[in-house]
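>
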Amino acid sequence: MERFCLGILTAALASLWLPAVPNPLWPLLLLLSGVLLRRFYLVGISAFLLSLSLNYQLDAQARQQLLVEHTTFVAGTIVSIPQSYDIGSRFILQLHETVKHKPQLAAGRLLQIRWPQTAISPKQGQRWQFQLKLRPVRGLANPGRGISEANALVQGVLLQGAVVGAGEVGSAEYLGGTAVWRQQVYDTLQQQLADLPTMPLLIALTVGERPFSDDTWDGLQATGLAHLISISGMHIALVFGWLMLLMPLWRQLPLSAKQRQVLGWLTALLAAWLYCLLAGWAIPTLRAMLALVILVALKLWHRRCSGWRFSLVLTAGLLLWQPFWLLSLSFWLSVSALALVFLLAWRYPPLLPGNHTTVGWWQSLIWPFLRYQLLFSLLMLPLGLLIFDGVAPLALISNLLFVPWCSLVAIPLLLIVFLLQQLSTVPLVWLWQGIDWIYQPLWWWLQYAATHDAWWSLPQQTPYIAILLVVTASCCLLPKRRLGWTLAAIGSVPLVLVLWLPISPKLHLIDVGQGTAVVLQQGQHGFVYDLGPRYGSYSATKQQLLPFLRYAGIRQLDYVVVSHDDSDHTGDPSVLKAAYPQAQWVSDVARLHPALNCRQLPGQWQQFRLQQLWPANDGVARSKNDGSCVLLVSTGTMQILLTGDASKEVEQQLLKLYPVLNVDVLLLGHHGSQTSSSLRFLQQLQPSLALNSAGWQNPYRHPATDVVATLGLLQIPLWNTAEYGAITLTFSDQQLILQSVRHGRLVKWLENLPTHAETRTTTR
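Residue numbers for the sequence shown follow UniProt numbering, beginning at 1 and rising by one.
See the structure below:
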């Protein structure tokens, strides 16, 4: 069994590096060979690859069937609590067997639906028929952000779609059904808890929905307490454990010892199942429930299983059943945490109950708990660092304070009050106010962490620090404790030195969709050129640019340049002004109240030389696009030209004003529109690389076919954010190192990509 499970884990990890998912025939032949040769390790490898390829192929076929028509009618049941936004709602729809009395393609599969209307509030459990415009799930690709394509596979979402002609007759038809219990609970809690400051925490820990503000999310990241507020395996295990503590109560029943034991186990399992149901059967709760079912089965059948074997079999079984879970970061965090719990329990076995009377409370309870939290946090740090590219310095103290408080007091009382509320016909206002008071310390701590910049972003040093942390943490587990802790202390010295590694200047072209946002970075200092688009409820400044600045560790934003007054460049200025109030704004857009106009931009910032080339100071009135602030950025021998939305006419003026101008990198004007990037301009500049910022499948068809053809004629490579995601240029000596998010992703088979992952360009 162990060899079979190890084979599954080996194949799962190795599949992350596969360029493409294999045809099911090859894993099947490999599986048959392994069975005939009785090579169970090989059987495990082939079994996982077969499961992965079959699931991938079935998904691809169902996806292709639905995408045949530009728009299509679908019927299904809403299986998630709809999330409301400014102009509509989003939810998950599970397809029915039929639509309009005809068989429906991909029955039972899930779609992610956007319904742009506010007159109707859809509910989980209702059945609807929609006319949809469907498209593959594809999100913006920026560092430090989740991968939409991977998340869709993990969640089982096939496609995303928008209701066509929302509000028109026939675009949506209600087919019946009422809101499920979970939706009713959610609606009731929103009404009853509306006046309580901690309402988001209470709802999150009751029904699994997280109506958090940006500040709350920042606080959760800075404190490392996101795992505590999201209903996960830990919460399901806690409910199970609390019910197991009630086992002595069953002694009052006229049952045999065996029957009482079975009743106790099944009652605890039922309570965990109800909490999973209340949480909407989120994937982490589903995994935990499966683990508990296996555990109870082993206990009832009197089967012994060591901790490491249980972890191995559970992980392998889950991956074989749902192979796409290998793309889930929470999956690997969960299984790593479970394995680590067993490892620490083996290395530091807990004292038997009652022994605290002989050794004292400190040695039996307090010190083991502190040691466990310290080692657990330290050993989980490398994995968290690799996933999130940063650390939360408040995580250890936060977990020491709030994990026991929430596990032993806050969460049990919350669920007890919730249960009483379900049995009552009137709102239990005073009980909810008491629960709010209990959660106030946690709420205050999250707000404090969010406003004190308590997250250390270390994207550039991540690999080095992770390796050193693994070595250091491993020393703590050595049999000779004094030697282990001494080696750990010595090993921590290089960690400090790594933080002082020289940092090269960088230019980041952020993936903001159809718009522009550029960030110059020198260590913790930043310089922004344009803020991306804003339309409807979407703000690229808030949802893409600001999170990137925090991810990159930019604590001091010195300048913000807005090239011209166009919504796909001006974005949401208030967001950056609130986050970086000390930044100087540079623009010719008067409504932004800039401190400087474009011509007053300083000529030097950090290691970058800045030269404003346009608009000329001639007093001539120009269109918005032709009034773009054109900026030449230089560092070392490298030159990059940022052109805003300047047209071909402006390009010709630039050639007259700067007849010997040439650059290494050109950001195409107007997102690659045919109104910019003339042949003469490109011939004069002779860039080694052209960058473009445009949305995927944008309605303007940017970059224009003529522009792409011209670049091809001049043999100028084009990197477009729609295909490459965010692009980073690192200036190092005489080299320009180019990297992109989509190229840098580990899982290549998620999308069709060019084969290279990194390009180095030397100066002329």
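Even for Gly, the Cβ is constructed at its ideal location relative to N, Cα and C.
Determine the DSSP secondary structure at residue 421, reduced to helix, strand or coil.
Position 421 of the sequence shown holds residue 421. If DSSP states are grouped into helix, strand and coil, residue 421 belongs with the helices.
> Which term fits residue 101, buried or exposed, when burial requires 16 or more other beta carbons within 10 angstroms of its beta carbon?
Counting from one through the sequence shown, the residue named residue 101 turns up at place 101. Exposed is the call here.
> Taking residue 103 as the reference, give the member of 115, 249, 340, 73 with the closest Cα.
Here residue 103 refers to the residue found at position 103 of the sequence shown. The candidate whose alpha carbon is nearest that of residue 103 is 73.
> Can you tell me whether residue 221 is helix, strand or coil according to DSSP?
Residue mapping note: residue 221 aligns to position 221 of the sequence shown, counting from 1. Residue state, collapsed to three classes: helix.
> Which residues does DSSP pair with residue 506 in a beta bridge?
For the purposes of this step, residue 506 is identified with residue 506 of the sequence shown, where counting begins at 1. According to DSSP, which records beta bridges pairwise, residue 506 is partnered with 521, 730.
> When the Cα atoms are used, what is the spatial distance from residue 132 to residue 541?
If you number the sequence shown from 1, residue 132 lands on position 132. If you number the sequence shown from 1, residue 541 lands on position 541. If you take the alpha carbons of residue 132 and residue 541, they lie about 29 Å apart.
> On the DSSP bridge list, what partners appear for residue 173?
As a position in the sequence shown, residue 173 is number 173, starting the count at 1. According to DSSP, which records beta bridges pairwise, residue 173 is partnered with 129.
> Might you give, ordered along the chain, the residues of its own chain that have their beta carbon closer than 8 Å to the beta carbon of residue 159, omitting 5 neighbours on each side?
For the purposes of this step, residue 159 is taken as the residue at position 159 of the sequence shown. Here the set comprises 63, 66, 67, 111, 112, 134, 135, 136, 137.
> Comparing C-alpha positions only, which one of 384, 224, 386, 399 sits nearest to residue 370?
Stepping through the sequence shown from its first residue, residue 370 is reached at position 370. Of 384, 224, 386, 399, the residue nearest in Cα terms is 399.
> Where do the N-terminal and C-terminal ends of the alpha helix (DSSP H) with residue 555 fall, by residue?
The sequence position of residue 555 within the sequence shown is 555, counting from 1. Neither: residue 555 is in no alpha helix (DSSP H) and is coded neither H nor E.
> Are there 16 or more other CB atoms within 10 angstroms of the CB of residue 572, so buried, or fewer, so exposed?
By 1-based counting over the sequence shown, the position of residue 572 is 572. It counts as buried.
> Let me know the secondary structure DSSP gives residue 591 once reduced to three states.
Position 591 of the sequence shown, counting from 1, holds the residue named residue 591. Of the three classes helix, strand and coil, the one that applies to residue 591 here is helix, per DSSP.
> Under DSSP, the alpha helix (DSSP H) around residue 614 begins and ends at which residues?
Numbered from its first residue, the sequence shown carries residue 614 at position 614. Note, residue 614: premise wrong, no alpha helix (DSSP H); beta strand (DSSP E) at 608-614.
> Nearest-angstrom Cα distance between residue 574 and residue 204?
Taking the first residue of the sequence shown as 1, we reach residue 574 at position 574. Taking the first residue of the sequence shown as 1, we reach residue 204 at position 204. Cα-Cα distance, rounded: 29 Å.
> How should residue 530 be labelled, buried or exposed, when 16 other C-beta atoms within 10 angstroms of its C-beta is the threshold for buried?
Position 530 of the sequence shown, counted from the first residue, corresponds to residue 530. So residue 530 counts as buried.
> Would DSSP call residue 721 helix, strand or coil?
Walking along the sequence shown from the start, residue 721 turns up at place 721. Note: residue 721 maps to helix in three-state DSSP.
> Mind listing, in chain order, the continuous beta strand (DSSP E) runs of no fewer than 3 residues lying wholly within the region 652-700?
The region 652-700 contains these whole beta strand (DSSP E) runs: 665-667, 689-692.
> Work out the CA separation of residue 293 and residue 122 for me, nearest whole Å.
Within the sequence shown, the letter at position 122 stands for residue 122. Within the sequence shown, the letter at position 293 stands for residue 293. Rounded to whole angstroms, residue 122 to residue 293 spans 34 Å at the Cα level.
> Buried or exposed: residue 421, going by 16 or more other Cβ atoms within 10 Å of its Cβ?
Looking up residue 421 in the sequence shown gives position 421. So residue 421 counts as buried.
> By Cβ distance below 6 Å, which residues in the same chain neighbour residue 516 in space, the five residues on each side in sequence not counted?
As a working note, residue 516 is residue 516 in the sequence shown. Result list for residue 516: 530, 569, 693, in chain order.
> Near residue 536, which residues of its chain fall below 7 Å by C-beta distance, leaving aside the five closest residues on each side in sequence?
Residue mapping note: residue 536 aligns to position 536 of the sequence shown, counting from 1. For residue 536, where only same-chain residues beyond five positions count, the Cβ hits under 7 Å are 86, 87.
> Within a Cβ cutoff of 6 Å, which residues of the same chain sit near residue 323, ignoring the five residues on either side of it in sequence?
Here residue 323 refers to the residue found at position 323 of the sequence shown. So the list reads 51, 52, 55, once near-sequence residues are dropped.
> Give the DSSP bridge partners of residue 630, in chain order.
The residue labelled residue 630 in the question sits at position 630 within the sequence shown. Answer by DSSP bridge pairing, in chain order: 614.
> Can you tell me which of the three DSSP states residue 748 falls into?
As a working note, residue 748 is residue 748 in the sequence shown. The answer is helix: DSSP assigns residue 748 an H, G or I state.
> Which residue wins for smallest C-alpha separation from residue 99, given the options 728, 175, 82?
For this step, residue 99 is matched to residue 99 along the sequence shown. Residue 175 is the option with its Cα nearest to residue 99.
> Per DSSP, residue 111 is paired with what?
Within the sequence shown, numbered from 1, the residue matching residue 111 stands at position 111. DSSP output for residue 111 lists 93, 159 as bridge partner(s).
> Inspect the beta-carbon positions of residue 502 and residue 635 and report whether they are closer than 8 Å.
If you number the sequence shown from 1, residue 502 lands on position 502. If you number the sequence shown from 1, residue 635 lands on position 635. In this structure, residue 635 does not lie closer than 8 Å to residue 502 by Cβ.
> Helix, strand or coil for residue 102? Go by DSSP, reduced to three states.
Sequence index remark: in the sequence shown, residue 102 carries index 102 (1-based). DSSP places residue 102 in strand when its eight states are reduced to three.
> To the nearest angstrom, report how far apart residue 240 and residue 22 are at their CA atoms.
Taking the sequence shown and counting its residues from 1, the one referred to as residue 240 is at position 240. Taking the sequence shown and counting its residues from 1, the one referred to as residue 22 is at position 22. Those two C-alpha atoms are separated by around 41 Å.
> So what does DSSP say about residue 238, is it helix, strand or coil?
Looking up residue 238 in the sequence shown gives position 238. Helix.
> CA-CA distance, residue 718 and residue 208?
Translated into the one-based positions of the sequence shown, residue 718 becomes position 718. Translated into the one-based positions of the sequence shown, residue 208 becomes position 208. If I take the Cα positions, the gap works out to 44 Å.
> Run the CB neighbour count on residue 109, radius 10 Å, all protein chains shown included, and call it buried at 16 or more, exposed below.
On the sequence shown, position 109 is the one that residue 109 refers to. Its Cβ being crowded by 16 or more others within 10 Å, residue 109 is buried.
> So what's residue 768 in DSSP terms, helix, strand or just coil?
Because the chain spans 1 through 764 in this model, residue 768 falls outside it and cannot be assessed.
> In angstroms with no decimal places, state the Cα-to-Cα distance between residue 181 and residue 219.
As a working note, residue 181 is residue 181 in the sequence shown. As a working note, residue 219 is residue 219 in the sequence shown. Between residue 181 and residue 219, the C-alpha separation is close to 31 Å.
> Where does residue 739 sit, in a helix, a strand or coil, going by DSSP?
Taking the first residue of the sequence shown as position 1, residue 739 is located at position 739. Correct three-state label for residue 739: strand.
> In whole angstroms, what separates the C-alpha of residue 148 from that of residue 226?
Locating residue 148 in the sequence shown gives position 148, where the first residue counts as 1. Locating residue 226 in the sequence shown gives position 226, where the first residue counts as 1. So the alpha carbons of these two residues sit roughly 20 Å apart.
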